[in-house]
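Residues in the sequence shown are numbered consecutively from 93, following my numbering.
Before any comments, here is the structure.
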Amino acid sequence: MKVVSPTRPGTWPRPPAALVAARLDEPPGGARVTVAGLVILRQRPGTAKGVIFLTLEDETGVVNIVVWRNMYERFRRAVISGRLLRVTGRVQREAGVVHVVAEEIEDVSPLLDRLLDPDCPLPREGETG
């Protein structure tokens, strides 16, 4: 999974590169972004009409994900069982809160096993954004 650092003001990583939570304020509303992180919360409120809310955490903060019913049906297994997700969707800003409305959800949990592999180098300084 590639995570990119800023190269100049006004730029942010475009999919498939992942944007870190701390930089989610950079893309304009409606921009297509990819984020990735550990799933720390899944909510399916009874009043939300089938909408599921996920919270992902990366090394810089948290990202709120909105999963509409049709996306949930399409990516059900990843939403239910994924521990590490990569989500591509559109940035939405409302009342000072930033969400990513999911268009694609990928379970990348097997990458967590690489953390235990001594032969798999961790990213060097500057390779995460």
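Glycine residues also receive a C-beta, built at the ideal position from the N, C-alpha and C atoms.
query: By alpha-carbon positions, which one of R166, A170, R185 and V159 ends up nearest to G121?; result: R185
query: Quick one, which of A114, R166, A110 and A187 has its alpha-carbon nearest I144's?; result: R166
query: Could you tell me how far apart the beta carbons of T180 and P105 are, in whole angstroms, since I believe they sit closer than 8 Å?; result: Not a contact, Cβ separation roughly 11 Å.
query: Can you give the beta carbon distance from T126 to R178, rounded, assuming they're within the 8 Å contact cut?; result: 6 Å
query: Mark R115 as exposed unless 16 or more other C-beta atoms lie within 10 angstroms of its C-beta, in which case mark it buried.; result: buried
query: Determine the closest residue to A110 out of Q135, I172, R134 and V192, with distance taken between C-alpha atoms.; result: V192
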